[in-house]
Amino acid sequence: MSRIKSSNLGYPRIGENREWKKALEAFWAGKLEEADFLKRMEQIRLSHLQKQKDHGIDLIPVGDFTFYDHMLDMAVMFGLVPKRFRHEGGEVPLHIYFSMARGNQTAVACEMTKWFNTNYHYIVPEYEGVQPTLTENKPLKAYREAKEKLGIQGKPVIVGPYTFIKLSKGYERAQLPAFILQLMPLYVQILQELEQEGVEWIQFDEPVLVTSISKEEMETVAYIYRQLHEAAPQLRIMLQTYFDYAEWYPELIDLPVQGIGLDFAYGLEKNLEYIKMYGFPADKVLGVGLVDGRNVWRSDLPKKSELIREITGYVSPDRIWLQPSCSLLHVPVSVKHETYLEPEIKNALAFADEKLDEIAALVKGFNHGFHTVSERLDNSRAALRQLAQSPVRNRAEVHRSVENLQTHHLQRNLPFEERRKKQQDVLKLPLLPTTTIGSFPQTSEVRQARRKWRKGEWTGERYDEFIRKQIKNWIHIQEEIGLDVLVHGEFERTDMVEFFGEKLGGFAFTQNGWVQSYGSRCVRPPIIYGDVEFLEPMSVKESVFAQSLTEKPVKGMITGPVTILNWSFVRDDLPRQQVAWQIALALRKEVEALEASGIKMIQVDEPALREGLPLKKSSRKEYLDWAVKAFRLTTSSVKDTTQIHTHMCYCEFHDFIDSISRLDADVISIETSRSHGELVSAFTDYDYDKGIGLGVYDIHSPRIPSADEIIAIIERGLQVLEPELFWVNPDCGLKTRGVEETVASLKNMVKATQIVRNRL
Ligand code: GLN
Ligand code: ZN
1292 MSRIKSSNLG YPRIGENREW KKALEAFWAG KLEEADFLKR MEQIRLSHLQ KQKDHGIDLI
1352 PVGDFTFYDH MLDMAVMFGL VPKRFRHEGG EVPLHIYFSM ARGNQTAVAC EMTKWFNTNY
1412 HYIVPEYEGV QPTLTENKPL KAYREAKEKL GIQGKPVIVG PYTFIKLSKG YERAQLPAFI
1472 LQLMPLYVQI LQELEQEGVE WIQFDEPVLV TSISKEEMET VAYIYRQLHE AAPQLRIMLQ
1532 TYFDYAEWYP ELIDLPVQGI GLDFAYGLEK NLEYIKMYGF PADKVLGVGL VDGRNVWRSD
1592 LPKKSELIRE ITGYVSPDRI WLQPSCSLLH VPVSVKHETY LEPEIKNALA FADEKLDEIA
1652 ALVKGFNHGF HTVSERLDNS RAALRQLAQS PVRNRAEVHR SVENLQTHHL QRNLPFEERR
1712 KKQQDVLKLP LLPTTTIGSF PQTSEVRQAR RKWRKGEWTG ERYDEFIRKQ IKNWIHIQEE
1772 IGLDVLVHGE FERTDMVEFF GEKLGGFAFT QNGWVQSYGS RCVRPPIIYG DVEFLEPMSV
1832 KESVFAQSLT EKPVKGMITG PVTILNWSFV RDDLPRQQVA WQIALALRKE VEALEASGIK
1892 MIQVDEPALR EGLPLKKSSR KEYLDWAVKA FRLTTSSVKD TTQIHTHMCY CEFHDFIDSI
1952 SRLDADVISI ETSRSHGELV SAFTDYDYDK GIGLGVYDIH SPRIPSADEI IAIIERGLQV
2012 LEPELFWVNP DCGLKTRGVE ETVASLKNMV KATQIVRNRL
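Below you can see the structure in the form of C-alpha cells.
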C-alpha cells in the first residue's frame, strides 16, 4: 500500500517553560558552569526530539537546535568569525560564539536582522574575504547524538548555500561567485561525511527561493545543487522552501535533488496551480507544508484532508511528506499551559505540539482511512466554527464601518503646505524643534511598581499615582533640558502593542505563548481573535495630565495600526487589511479623544510597517496601499491645526519612500545616526516635502554623544533638507537607557541645536 509520511522542519528551542532561555541567561550571568550548561542544553535538545517521536513524526529534524541562532551556527561552522573576535582558527569556543551574538568589551556584536518576514532575528554572517574552513560538522554531530541516545534516525537540517550567501554580508556583488566557490567544498565535505554515516535525508532550507530572484540567480542555484548532488549521490536532499511560493517552479522541480518542500499555507494557490500546470517529477518526494507553521490557529482538518486528496491526484502518496509550512520556531510550544483563555479561543488554537498532532492525525487518516480519525477531524471543525460564530467575531458595527469607508475618511482637510502654516500659528515652534520619541527610562522602580499592581499588591489608584509622579518628574526634567516638544514618557506601558491590545476589544493574551525573537529574548504576541473595537480612551489620561503641567506642547503617543497588526498573531478568516482597518478605526477614536482633550500633536508610531513588506516585489504595492490607508484612517480626521507625527526606526527607506510620503504625516522621525548619508539621500532624492526628524544619536548604546558630533550630523542634514522642515531627536525611544546618560545626552542634543540655530 502507498503511504504518506509525517515530517517536521524545525522545533521551538525555548522549551515549554522557557528552560532554554533560563539556562542561557544563567550561563551568561556566571551562575551556571559550562559543563552544567551543556548538560542542560543536551537534555532540552533530546527531550524535544523524543517529543516529536512520541507525536508520531516520521522525519524528525536534527541540528535545528541552537544555543542562540541557526545562522550564527552556520557562520561558526564555516569559521566565519570576524577578525575583531580574535579567533585563532579551529572549532569556535562558546565564549567567542556568544561574543559574536552579543558583543564583548573590545568587539561589537555582529549585526542582527529579521529572518524574512517573521519576527525572528538572525545573526548576519560576515564574510571578510578569507577562505572559510569547516570547523566542525554540526549536522553530523546532531545526527549521531539522536541516533545513539534515542535511536532516532534524524533528518539533519542546514541552511542551504544560496540562502546562506544571500543573507551574509561583507562582499560586493562581484565577489559572490568567489564566495560560492569557497563555500562549496565545505558543504560537500559535510554531505560526504553524512553520506558515509548512512544518513538518508538532509533538509536544505532555501527560503531565499521564494523572494523575487532573477533567472540568473536560479541558474546559480541549479549549479550549486548539481555540484552537491554529484559529490554525494547517495545522500538525498530535501530542498525546503517556505513563507511563500517559488516563482521559478519549473526550474525548481528540475533541480538534481530528491525532494522539494513547498509551502501549502502561504503559497497555497500558486503551488497548487503550478503542480496542476507543470506536474511534479515522479522520482522526487514532495514536502507538503500543509499546516500553518507560523500562526496559532488550529487547522480545519477536513479541509486539509481534501487538499491531500487533491495533491495525491498529481503525486504518488508514497512520495509525499506531510509537514508544517515552515519551522515551528515561530509559534509557542503548547496550548496546554493556557488556563485563563476563554474556551472558545483556547479550543481554536494550535501551537507547535498541537500542530504535530494535526500532522500525525492527517497522516493516520490518509493511510488508514479518515474514519479512524473522524472524531479529530470533526472536533477541529467544530472548534473553528464555534469561534467563527461567536459574537466577538461578528460585531456588525465594526463590519459596517469598514464597509462604509470612503475616501474622505482618508484625507486630511487641507494639504500639508496649508495646514503647516496653521499649525505653526498655534504651536509657535522655533526652527529645528527638539523632541524625543516617546519613552523615558523604565527603571527597576517603574517595573516593580507595575508588578505590584498586576499582582494586586497595589490598587489601581496607587499605581496611577505612581505613574503621575513619574510623568511630573520627567516633564520637569524635559523643561530643564530645554526640549521644545515634550512627551509623557510611556511609564504605564511595558510593550507598545500589548498596552493597546489589552485595552481594545478583540485581543487575547496568553500566559505562556512565548516565541523566540532573538537570542534568549522571547516575546508573547497578542492574539487578534475577534473584531477589533474601541472600548474606552487608552492613552488620554496620561497625556492630558502631562499637558496640564507645562506650557510647552506635549505629544500624544500611540502605536499605529500596522505595527499592532504585524506584532500580533492575527485571525486568518479575514484578509489582513480588513483587520488593519478595524484597528485603524478604533485608533481613530483614540486620536479624536486625544484631540478633544486638548492635545495638539499626536505621534502614531509605525516601527513595524517595513517588516510587513511581502517577500515578493510584485505583492508590495498592494500591502503598502492598504497599510498607508490604515495609517491615514487613523490620523486624518483631526483639525488642520493638530499636528500628526509618525516614527519609524530603521534606515532603509529607498524602496518605499513614496508610501512614507503618502502617509501624509506632518512630521516623521527616523533612525539615522548609524547610516547617515544614505538615509538622508533617500529623502532628498525623492524630494520629500514634509517635516523630518533626524535621529541624531544612537539610543542602542549607553554612550553619551558630544554636542560636536550632533552638530556635525545636523549640519550634514541641513545641507540637503530645508531648515523649516527639520526636527532634532534621538533615533528611537529611551526606555532601555539609564536616567543619567539620557539626561546628559539630551542636554548635548539641545545644546548642539542651539548652536546650529544661532548660525542659521
Ligand atoms: N514611542 C515608542 C518609544 O519611544 C517608539 C518605540 C519604537 O519605535 N519601537 O518607545
Ligand atoms: Zn523607534
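With the numbering used here applied, the sequence shown corresponds to residues 1292 to 2051, in that order. Yeah, the Cβ is synthetic: ideal placement off N, Cα and C, and Gly gets one too. Keep in mind the model is a prediction, meaning the values are calculated, not measured.
- request: Indicate, with yes or no, if ligand 2 has a heavy atom lying under 6 Å from the CB of Pro1732.
  value: Between ligand 2 and the CB of Pro1732, the shortest heavy atom gap is not smaller than 6 Å.
Euclidean distance between Cα positions of Leu1985 and Asp1775: If I take the Cα positions, the gap works out to 15 Å.
### Query
What alpha helix (DSSP H) runs, 4 residues minimum, are completely inside the segment 1298-1356?
DSSP runs (the alpha helix (DSSP H)) wholly in the segment 1298-1356: 1310-1319, 1325-1345.
Using the Cβ count rule (16 or more neighbours within 10 Å means buried), how would you classify Val1490? Label assigned to Val1490: buried.
**OP:** Output the residue ranges of the beta strand (DSSP E) runs that lie fully inside the segment 1986-2037 and measure 3 residues or longer, sorted by chain position.
**Re:** List check, beta strand (DSSP E) in window: 2017-2020.
- Task: With DSSP as the reference, label Trp1406 as helix, strand or coil.
- Result: Note: Trp1406 maps to coil in three-state DSSP.
| Quick one, what's near ligand 1 if you take every residue whose CB is closer than 6 Å to any heavy atom, in chain order? | Any heavy atom of ligand 1 within less than 6 Å of a residue's beta carbon puts that residue on the list, which reads Ile1728, Gly1729, Ser1730, Glu1781, Met1787, Met1848, Asp1896, Pro1898, His1938, Cys1940, Cys2023, Gly2024, Lys2026.
Quick one: Cα of Glu1463 to Cα of Val1421, how far?
Rounded to the nearest angstrom, the two C-alpha atoms are 14 Å apart.
Item to complete: Note down, in chain order, each residue of its chain lying with its Cβ closer than 6 Å to the Cβ of Tyr1911, except the 5 sequence neighbours on either side.
Response: For clarity, residue 1911 is Arg in the given sequence; the question names Tyr instead. Taken in chain order, the residues that qualify are Leu1904, Pro1905.
Notebook entry, point to check: So, helix, strand or coil for Ala1799, using DSSP?
Noted result: In this structure, Ala1799 counts as strand in the three-state DSSP scheme.
Fully enclosed by the segment 1582-1660, which alpha helix (DSSP H) runs are 4 residues long or longer?
-> Listed in chain order, they are 1592-1602, 1634-1637, 1643-1659.
>> If I follow the unbroken alpha helix (DSSP H) through Thr1854, where does it start and stop?
In response: For Thr1854, the enclosing alpha helix (DSSP H) starts and ends at 1852-1857.
Next item on the list: Could you tell me the boundaries of the beta strand (DSSP E) in which Asp1496 lies?
Entry: That run of the beta strand (DSSP E) goes 1492-1496.
Contiguous alpha helix (DSSP H) assignments of at least 4 residues, all confined to the segment 1656-1740
Whole alpha helix (DSSP H) segments, 4+ residues: 1665-1680, 1687-1694, 1707-1718.
**Prompt:** What is the residue span of the beta strand (DSSP E) that Leu1900 lies within?
**Reply:** Note, Leu1900: premise wrong, no beta strand (DSSP E); not H, not E.
Going by the beta-carbon positions, is the gap between Ile1295 and Ile1611 smaller than 7 Å?
Going by C-beta atoms, Ile1295 is nearer than 7 Å to Ile1611.
_How far does the beta strand (DSSP E) with Pro1447 in it extend, from its first residue to its last?_
Looking at the DSSP string, the run of the beta strand (DSSP E) that includes Pro1447 is 1446-1450.
| request: Leaving aside the five residues before and after Ala1523 along the sequence, list all residues of the same chain whose C-beta is less than 6 Å from its C-beta, in chain order. | output: Contacts found: Leu1482, Gln1483, Glu1486.
Original post:
By how many angstroms is the C-alpha of Leu2037 removed from the C-alpha of Ile1772?
Top reply: Straight-line Cα distance between these residues: approximately 7 Å.
Item to complete: Examine the Cβ distances between the segment 1722-1739 and the segment 2016-2035 and report whether three or more of them are shorter than 8 Å.
Response: In short, these stretches touch, since the Cβ pair count reaches three.
Q: May I ask which residues mark the beginning and end of the beta strand (DSSP E) holding Tyr1820?
A: Per DSSP, Tyr1820 belongs to the beta strand (DSSP E) from 1818-1825.
- prompt: Mind checking Val1971: buried by the 16 CB within 10 Å criterion, or exposed?
  reply: Label assigned to Val1971: buried.
**Study point:** Check whether Ile1935 and Asp1957 have beta carbons under 7 Å apart
**Key:** Yes. Within cutoff.
Would you kindly work out how many angstroms separate the C-alpha atoms of Leu1653 and Glu1601, rounded to a whole number? Computed Cα separation, rounded: 14 Å.
Handout entry: Lys1330 to Glu1439 span [Cα, whole Å]
Key = Using only the alpha carbons, I get a separation of about 16 Å.
Determine the closest residue to Gln1341 out of Arg1377, Phe1369, Ile1443, with distance taken between C-alpha atoms. Out of Arg1377, Phe1369, Ile1443, Ile1443 has the C-alpha closest to the C-alpha of Gln1341.
| Sorted by chain position, which residues of the same chain lie with C-beta nearer than 8 Å to Glu1709's C-beta, five sequence neighbours on each side aside? | Result list for Glu1709: Asp1931, in chain order.
So is Leu2051 buried or exposed if we call it buried at 16+ other beta carbons inside 10 Å? Exposed.
- Reduced DSSP category for Glu1417 - H, G, I as helix; E, B as strand; rest coil: DSSP places Glu1417 in the strand class (E or B) of the three-state scheme.
Residue range of the alpha helix (DSSP H) that includes Thr1511: DSSP places Thr1511 inside the alpha helix (DSSP H), whose first and last residues are 1506-1522.
Notebook entry, point to check: Candidates Ser1927, Leu1563, Leu1647, Thr1511: which alpha carbon is nearest Asp1535's?
Noted result: Selected option, being the one with the closest Cα: Leu1563.
- request: Measure the beta-carbon distance from Val1664 to Phe1642 and round it to whole angstroms, keeping in mind my assumption that it falls under 8 Å.
  value: That belief does not hold up - the Cβ atoms of Val1664 and Phe1642 are roughly 20 Å apart, past 8 Å.
Q | Ranges of the beta strand (DSSP E) found wholly within the segment 1930-1966, counting only runs of at least 3 | A | Correct list: 1934-1939, 1958-1961.
*Between Phe1555, Ala1639, Lys1561, Asp1609, which lies nearest to Leu1598 when the distance is taken from Cα to Cα?*
With distances taken between Cα atoms, Leu1598 lies closest to Phe1555.
Does the beta-carbon distance from Ile1762 to Gly1780 come in below 7 Å? Result yes, Cβ atoms of Ile1762 and Gly1780 sit closer than 7 Å.
Pairwise C-alpha distance: Gly1747 and Asn1857 = Distance between the alpha carbons of Asn1857 and Gly1747 is about 31 Å.
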